[in-house]
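Have a look at the structure below before the remarks.
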Amino acid sequence: MSRLETRPDRFVAIAVLMLAPTAALLGALVIAGRLNMMLALAAFALVAAVTAVARHLVLRDSRLIAAYLDQVRDRRTPLSPPQARTLTGAALLEDIAQLHQNWLRHREEIEHRLAADEAVVEALHDPLMLVDDKRKVGRANSAARALFGDRMLNRDLAVSVRNPDVLAAVDAVLAGGDSRRVEFTLPLPVERVLEVRVTPFRPAAEDGAPQHEITAIVTLHDITAIKRSEQMRADFVANASHELRTPLSTLVGFIETLRGPARDDADARDRFLAIMQEQAGRMSRLVMDLLSLSRIELDEHTHPTGETNVAQLVQSVVAMLELKAAARKITIRVQGGEDLPRVQGDEDQLTQVFQNLIDNAIKYGREQTDVVVSLERAEAPPAPGATGIRARQAPQKVAGIKVSVTDKGEGIARTHLPRLTERFYRVDAARSRALGGTGLGLAIVKHIVNRHRGRLTIDSEVGKGSTFTVHLPGVEKAAEKPEKPVPQSAPNLSQEGGRGAA
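Start counting the sequence shown at 1; every next residue gets the next number (UniProt numbering).
Right, here's the structure in full:
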């Protein structure tokens with residue numbers, strides 16, 4: 001209840017004060033003989049009546065105003081003012097209603113801005129914390145809570161972040177210093193490298209002036225991928241330099257020998273020239289693979305637009321490698337390939353994929369064994385490649401295809417499988433170089449498969465052999481039937497391979 005309703009005696013006192021001058025004036029006129037007592041009493045009664053009516057109206061409007069103020073004080077929606085008896089009361093109620101409406105609108109705008117700011121902060125992928133002048137965490141977004149837990153709130157930052165460099169940067173900013181930037185490694189649950197930025201923040205007081213207390217905004221950005229990329233780039237440059245330096249050193253050494261002691265030795269000259277040709281070929285293959293890998297990486301995020309018959313393409317690759325397989329008494333057998341959907345892809349790049357895989361199977365398989373190339377329709381579209389981008393939806397989306405290349409070689413230990421597609425990674429470096437490998441073949445395969453929104457899987461067992469499988473999404477036009485993979489007049493390549501082996 002308002003004070004106006006609990007203290008009506010104030011209005012009685014005001015009325016008495018208003019009537020006192022009138023009573024004094026009338027009394028003076030009566031004493032002076034200028035006014036009749038009865039007329040004076042009648043005049044005083046009239047003034048008292050008017051004052052009483054005015055008091056009643058003012059008191060009623062005051063109570064209306066007080067009640068209206070109580071109603072709108074915590075109300076979140078506009079409220080029409082009551083009907084006042086006096087013009088002043090009505091004007092005052094209208095002003096209060098307008099002020100309340102303006103306040104509600106201003107409050108709604110502030111709440112919307114706060115909600116938007118809160119949503120932006122919560123949606124940030126980077127952890128963000130607000131640390132007060134006592135180094136306690138006052139606020140933290142969802143990313144920070146997910147990283148450090150909800151218990152970090154209202155506790156010292158050192159409870160969550162135990163890196164001394166980060167804590168020193170926060171202390172320096174809270175002491176009045178400028179923004180700081182620190183890197184540190186978070187070992188658990190998975191080792192990550194984080195960049196920490198500490199920025200001073202002085203919140204405004206109620207009067208708009210900045211407060212003397214300094215708080216700090218602490219943001220963390222995961223730069224693990226950047227650091228890994230930098231390391232991979234450095235390793236790539238070092239490996240490429242090493243791969244080129246070795247044959248170059250060999251060439252320089254033989255050139256010096258041929259110009260010196262072996263100048264007139266025909267047998268040595270022929271032997272050295274053969275080695276020089278081999279080393280020059282190795283450098284040429286390495287440079288070609290580096291250029292090829294560079295071009296593929298540039299186009300990796302551009303989905304191919306052409307359509308390719310993978311079955312026919314595989315048969316062509318097998319035909320190209322048939323003589324090489326026969327030299328090692330290896331038979332290439334192609335299984336399946338009938339009624340497969342076409343693939344939306346780059347024919348030259350897919351040729352490079354299967355040529356790499358089948359060539360590796362020939363090089364690393366045992367002599368007098370089979371290399372099996374299996375083509376089949378996949379039951380479901382493959383998962384996206386390393387790029388994480390799904391295939392663009394084309395008309396008449398159908399099941400994908402799966403091409404597997406299996407050899408009967410020495411196999412690969414499971415510890416090596418995750419790194420096989422890294423540049424210059426070799427399980428047996430000496431053997432790979434002896435066989436003419438550059439260490440880039442599977443890296444090229446991986447990037448091409450990623451560009452085609454496919455997936456490369458590797459299965460291997462030591463002593464039994466390896467299987468490299470390429471999954472590709474297929475497309476098929478409704479108005480056309482898929483082409484037969486092999487024309488009736490085409491020779492059976494597996495039989496041809498067997499004859500070559502024989």
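Here a beta-carbon is modelled for each residue, glycine too, at the ideal position from N, C-alpha and C. In this text, all values refer to a predicted model and were calculated from it rather than measured experimentally.
Residue environment analysis places H447 among the buried positions, since at least 16 neighbouring C-beta atoms fall within 10 angstroms of its C-beta.
Linking P21 to D74 through their CA atoms gives a straight-line distance of about 43 Å.
In terms of Cβ geometry, Q349 and I401 do not form a close pair [threshold 8 Å]. Apart from sequence neighbours up to five positions away, the residues of its chain that approach V198 with a beta-carbon distance below 7 Å are A169, V170, V173, S179, R180, A216 and V218, ordered along the chain.
In the pairwise beta carbon analysis, the stretch 234 to 251 is classified as touching the stretch 274 to 282: at least three pairs are separated by under 8 Å. Going by beta carbons, I358 and L417 fall outside the 8 Å limit. The residues L35, in chain order, have a CB closer than 6 Å to that of L29 in the same chain once the five nearest residues on each side in sequence are set aside. Between the C-alpha atoms of E94 and G149 there is a straight-line separation of about 52 Å.
Beta-bridge annotation (DSSP): L194 is paired with F184 and D222. At least 8 Å separates the beta-carbon of G365 from that of P304. Secondary-structure assignment with DSSP links R342 through a beta bridge to V475. At the C-beta level, F236 and L258 stay beyond 8 Å of one another. According to DSSP, T331 shares a beta bridge with D370. Distance check between I332 and each of T369, R342, V287 and L286 places T369 closest, using alpha-carbon atoms only. Three or more beta-carbon pairs separated by less than 8 Å link the stretch 146 to 163 to the stretch 120 to 138, which places the two stretches in contact. For a cut-off of 8 Å, the C-beta gap from L128 to V121 is around 6 Å, short enough to register as a contact. Note: I458 is bridge-paired with F468 in the DSSP secondary-structure output. For G149, no alpha helix (DSSP H) encloses it, and the DSSP letter there is neither H nor E. Secondary structure note for R105: its alpha helix (DSSP H) is the uninterrupted segment L87 to A123. DSSP places L128 inside the beta strand (DSSP E), whose first and last residues are L128 to V131. For V159, the secondary structure class from DSSP, reduced to helix, strand or coil, is helix. Each residue's CA atom was taken as its position, placing A90 and L39 some 36 Å apart.
Approximately 22 Å separates the beta-carbon atoms of T308 and T406; this is outside 8 Å, ruling out the contact. Per DSSP, the continuous alpha helix (DSSP H) segment holding V173 begins and ends at P164 to L174. In the displayed model, F201 falls within a strand according to three-state DSSP.
Per DSSP, R414 lies in no alpha helix (DSSP H) segment and is marked neither H nor E. Pairing V310 with V343 gives a Cβ-Cβ distance under 8 Å. In the DSSP annotation of this structure, the continuous segment of the alpha helix (DSSP H) that includes V287 starts and ends at A266 to D299. Between the alpha carbons of S80 and L69 lies a distance of about 12 Å. Within the DSSP bridge table, the entry for G409 names G365 as partners.
If you look at G441, you'll find it in the alpha helix (DSSP H) that goes G441 to R451. By the C-beta density criterion, F201 is exposed, having fewer than 16 other C-beta atoms within 10 angstroms. Exclusion of the five residues before and after A240 leaves L290 as the residues of its chain whose Cβ lies within less than 7 Å of its Cβ.
Separation of A266 and A443 (C-alpha to C-alpha, rounded to the nearest whole angstrom) is 42 Å. Taking every protein chain shown into account, the CB of K408 has 16 or more other CB atoms within 10 angstroms, so this residue is buried. Across the structure, Q83 and L25 are spaced so that their CA atoms are roughly 37 Å apart.
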